[in-house]
Amino acid sequence: MPVPGVSAAAIAARLSAVGLPTRVEEHARFTSVEAEVPEALSAESWKEVLAAVAEADRFGLLVTCQNGRTLRAVVEKPVPTTGDVRGPGHQR
15 MPVPGVSAAA IAARLSAVGL PTRVEEHARF TSVEAEVPEA LSAESWKEVL AAVAEADRFG
75 LLVTCQNGRT LRAVVEKPVP TTGDVRGPGH QR
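Counting the sequence shown from 1 gives a position; our numbering is that position plus 14.
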């Protein structure tokens, strides 16, 4: 389960510490972290990679013959709250 308050930057830093070059992209509802994963990655490095992405809300590994292996982790942005959460039919 994701840890509240974990940031995409923290995940990117952990992946970089393992030696994976990362890209962080901001989107309207989430921030994504992508990293290219080399074929030769030690078991110890995989453990750290998996521990890092386990902090995200979602993650996955895309494997293609053209681009190799791309790891992606997504951290959802908080949903803004409003003063009235009852909906449009129940305004004051």
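For glycine and all other residues, C-beta sits at the position ideal for the given N, C-alpha and C.
Determine the DSSP secondary structure at residue i, reduced to helix, strand or coil.
i: G33; result: coil
Just confirm the distance between the C-beta atoms of residue i and residue j, as a whole number of angstroms; I'd bet it's less than 8 Å.
i: L85; j: V32; result: Actually they do not touch by this definition, with Cβ atoms about 11 Å apart.
i: A87; j: I25; result: 5 Å
i: S160; j: E39; result: Outside the displayed range of the chain (15 to 106) lies residue 160, so it cannot be described from this structure.
i: E48; j: T36; result: 7 Å
Near residue i, what residues of its chain come up, given a Cβ to Cβ distance below 6 Å and the 5 sequence neighbours on each side ignored?
i: V93; result: none
i: L76; result: T84
i: R43; result: K91
Ignore the nearest five residues each way along the sequence and tell me which others in residue i's own chain have a CB closer than 7 Å to its CB.
i: D71; result: P16, V88, V89, E90
i: S21; result: V89
What does DSSP give as the partner residues of residue i in its beta bridges?
i: V89; result: T45
Could you pull out every residue in the same chain whose Cβ sits closer than 8 Å to the Cβ of residue i, ignoring the five residues on either side in sequence?
i: F73; result: V67, L85, R86, A87, V88
Less than 8 Å between CB atoms is the rule here; does residue i satisfy it with respect to chain D?
i: V67; result: Although the question refers to chain D, the structure presented lacks it and comprises just one protein chain.
Continuous alpha helix (DSSP H) assignments of at least 4 residues falling wholly in the segment 37-87: 57-67
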